[in-house]
Amino acid sequence: MAEEALPTPPASPVQVIVENFNKLTPRQKMAGAALIALSLSLLVGIWLWSKQPQYSVLFSGLDEKDGGAIVTALQQQNVPYRVEAGGSAIYVPAERANELRLTLAANGLPRGSSVGFELLETQKLGVSQFHEQIDYQRALEGELARTIQSLSAVAGARVHLAIPKQNAFLRNEQKPTASVVVNLHPGRFLELAQIAGIVHLVSSSVPQLAASQISVIDQQGNLLTRNPNPDGLMLDDSQIKYVRNLEDNYIERIGKILDPVLGEGNFRAQVMADVDFDRAEQTSETYRPNPAPDTAIRSQQSNESQTNQPGPQGVPGALTNQPPVPATAPITVPAVPGQAQQGQQGQAALPISSNRSTTTNYELDKTIQHVKRATGQVRRLSVAVVVNHRPSRDARGNVTSAPLGEDEVRKINDLVREAVGYSEQRGDSITVTNAAFTLAEKSEAPPLPFLKDPENIELIKEVARWLALLLVAFIIYRKVILPLVRTVAPPPPPPAEAEEPAEPTLAQDGEGSDEEDELDGDISPEVLELELAKMSFEKKLARAREVAKKDPKMVAQLIKEWMGGGGNGEGR
Numbered sequence: 001m002a003e004e005a006l007p008t009p010p011a012s013p014v015q016v017i018v019e020n021f022n023k024l025t026p027r028q029k030m031a032g033a034a035l036i037a038l039s040l041s042l043l044v045g046i047w048l049w050s051k052q053p054q055y056s057v058l059f060s061g062l063d064e065k066d067g068g069a070i071v072t073a074l075q076q077q078n079v080p081y082r083v084e085a086g087g088s089a090i091y092v093p094a095e096r097a098n099e100l101r102l103t104l105a106a107n108g109l110p111r112g113s114s115v116g117f118e119l120l121e122t123q124k125l126g127v128s129q130f131h132e133q134i135d136y137q138r139a140l141e142g143e144l145a146r147t148i149q150s151l152s153a154v155a156g157a158r159v160h161l162a163i164p165k166q167n168a169f170l171r172n173e174q175k176p177t178a179s180v181v182v183n184l185h186p187g188r189f190l191e192l193a194q195i196a197g198i199v200h201l202v203s204s205s206v207p208q209l210a211a212s213q214i215s216v217i218d219q220q221g222n223l224l225t226r227n228p229n230p231d232g233l234m235l236d237d238s239q240i241k242y243v244r245n246l247e248d249n250y251i252e253r254i255g256k257i258l259d260p261v262l263g264e265g266n267f268r269a270q271v272m273a274d275v276d277f278d279r280a281e282q283t284s285e286t287y288r289p290n291p292a293p294d295t296a297i298r299s300q301q302s303n304e305s306q307t308n309q310p311g312p313q314g315v316p317g318a319l320t321n322q323p324p325v326p327a328t329a330p331i332t333v334p335a336v337p338g339q340a341q342q343g344q345q346g347q348a349a350l351p352i353s354s355n356r357s358t359t360t361n362y363e364l365d366k367t368i369q370h371v372k373r374a375t376g377q378v379r380r381l382s383v384a385v386v387v388n389h390r391p392s393r394d395a396r397g398n399v400t401s402a403p404l405g406e407d408e409v410r411k412i413n414d415l416v417r418e419a420v421g422y423s424e425q426r427g428d429s430i431t432v433t434n435a436a437f438t439l440a441e442k443s444e445a446p447p448l449p450f451l452k453d454p455e456n457i458e459l460i461k462e463v464a465r466w467l468a469l470l471l472v473a474f475i476i477y478r479k480v481i482l483p484l485v486r487t488v489a490p491p492p493p494p495p496a497e498a499e500e501p502a503e504p505t506l507a508q509d510g511e512g513s514d515e516e517d518e519l520d521g522d523i524s525p526e527v528l529e530l531e532l533a534k535m536s537f538e539k540k541l542a543r544a545r546e547v548a549k550k551d552p553k554m555v556a557q558l559i560k561e562w563m564g565g566g567g568n569g570e571g572r
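In the UniProt record's numbering, the protein residues as written are 1 to 572.
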């Protein structure tokens, strides 16, 4: 038996790959390099795409001037951005949006289409008074517009002021006027209180500008400052709010007194209040006669006069021909000493005329009353209360309901009357009804479809991005890298087998001869030499015979190499 040669040590995988790569044709080498470069570029592109940041809106609704200034500032800070919506919207990475807003705001961006008092900082020498007045008016309009834009519902605003020239004659003096145009956010509107606030803001900022001389319109051209309550025919917002609060207060009172009796949810109450918002002032003056017992005299005046009429004297004529004076009752006068003698000496005394009058002024009971009625007085109340049937259980334990008795309903009515302050003089009405409640089944809102949930959509996008990356990597590995490695790398060595008797070994070799027939045509001499070096002598002999029968040319080439290699082929 020839001496068996020692097997040569196997080459390293790198050496084998290099040797096999050198055996490839130039076209195969270029194709492999191109496939590797394409695979790497695809992997890098997909990785960069997966790392692309999410963009959010930095500013929208910008004009060209502000947009250019913001883009310049972003370029100076090396911040990636995107311009969309025709240049009116700028997008930046979402994680830096808030920081950039603060940074740009510190630099006064965006400035907006209106200018403020910074316009006065660039005044030039030699400017006329007319230009100074125009610049001041523009600056005031811009500042008012910026203030109005600070409202949450206002997206933009413009203010126009009409300030007349000062006149020395009061008769020809003109008052300033103003108009405000507001651009509201979609779905937003201004309340009456906010409109009034805008009007008073402009009125307080311009001297001698009355609130009635200010007009406010929206972007649709709707006049917002028209009087919604002409001649007081309708209630304004404050009055409507007062009525609602009053009705809610009455309902709350009813609930507090009926909850402990009937239980929560076993009644429903509604109150309608008729409120008088008219303002009235009344002044009354009342006089009352002075009664007898407590008569009070303010003043008293008495007048008395007495006249003595002499007898007829003189020449008869007109006076003597007059009719006699009506007779009067004689007045007893006490005797005056010497008068009797005089009367005896002269002629007899004639009747005396006297007049006496007394004037008494009494005090009068005078009452002056001035009444000013406050607004918001309740003129009438209408109260409706529905009480549920009393729940009970039958003999089987089923839940049933039974109506309340008349006495119970009457007691509930009395409680409600006292709770709301029932007044028959006002004409209040209270109705309490006992009825079974029909409880509707609580219908929960259907869940949002999975594909319509914004959070799920973002999650699906993120998962799809990584799945696409893995899929492309797997395809490149299976279709490009793995075939290339199989072409360049050597086949794996067969597993070592234990020494077995010759007969079973030959049988096993015979069983595997079908598979070896398929591989013999592709085995190179070098591979065959390595394979034979790992076999036992009997297997080498059997294998050599099979190969010699199937491929004599290869065996001849192998023998030539042995002979050319000197002692290397000894014993094989």
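Glycine residues also receive a C-beta, built at the ideal position from the N, C-alpha and C atoms.
Taking a contact to require three or more Cβ pairs closer than 8 angstroms, the stretch 468-485 and the stretch 33-50 qualify as touching.
A468: not part of any beta strand (DSSP E); member of the alpha helix (DSSP H) spanning 454-476, first to last residue. Taking each of V385, A419, R380, D394 in turn and checking the Cα distance to Q425, the smallest one comes out for R380. Counting every other CB atom within 10 Å of its CB across the protein chains shown gives L144 a total of 16 or more, marking it as buried.
Judged by beta-carbon spacing, G156 lies within the 7 angstroms limit of N183, meaning their Cβ atoms are closer than that value.
Within the stretch 69-105, the complete beta strand (DSSP E) runs of at least 3 residues fall at 82-84, 89-93. With a contact defined as Cβ atoms closer than 8 angstroms, L104 and V79 miss out at about 10 angstroms. Secondary structure at T286: strand, using DSSP grouped into helix, strand and coil. Only buried fits G67, as 16 or more other CB atoms lie within 10 angstroms of its CB.
Bounds of any alpha helix (DSSP H) do not take in R379; it lies within the beta strand (DSSP E) bounded by 377-387. Boundaries of the alpha helix (DSSP H) harbouring A193: 192-205, taken from the DSSP string. For the pair of segments examined, the stretch 409-419 was found not to touch the stretch 360-376: the number of CB pairs separated by less than 8 angstroms stays below three. Counting every other CB atom within 10 Å of its CB across the protein chains shown gives Y250 a total of 16 or more, marking it as buried.
With respect to E247, V275 sits apart: the two C-beta atoms are not nearer than 7 angstroms.
Contact between P110 and F59 holds: CB atoms are separated by about 6 angstroms, below the 8 angstroms threshold.
Between the beta-carbon of I195 and that of T225 there is about 6 angstroms, and that keeps the pair under the 8 angstroms contact cut. For Y242, the secondary structure class from DSSP, reduced to helix, strand or coil, is helix.
Boundaries of the alpha helix (DSSP H) around I412: 406-420. By the beta-carbon neighbour count (other beta carbons within 10 angstroms, threshold 16), V385 is buried.
For T367, the enclosing beta strand (DSSP E) stretches over residues 365-373. In this structure, K372 is the residue among K372, Q557, N167, I460 with its C-alpha nearest to the C-alpha of S284. In the displayed model, P449 falls within coil according to three-state DSSP, outside both helix and strand. Here DSSP, grouped into helix, strand and coil, assigns V180 to strand. In the structure shown, the three-state DSSP call for I134 is helix. The continuous beta strand (DSSP E) containing P391 extends over residues 390-393.
In this structure, the beta-carbon distance from V416 to I254 falls below 7 angstroms. When the alpha-carbon of V57 is set against those of A69, G86, I90, the nearest one is in I90. Under the DSSP assignment, H160 falls in the beta strand (DSSP E) whose first and last residues are 154-162. Beta-bridge pairing by DSSP links N434 to V387. Residue state for N172 is assigned as coil, using DSSP reduced to three classes. Cβ contact annotation for E173 (same chain, cutoff 7 angstroms, sequence separation greater than five): N167, in chain order. With fewer than 16 other Cβ atoms from the protein chains shown falling within 10 Å of its own Cβ, L38 counts as exposed.
The beta-bridge partner set that DSSP reports for M272 consists of S382. The DSSP-derived three-state label of F277 is coil. Between E304 and T367, the alpha-carbon positions lie close to 37 angstroms from each other.
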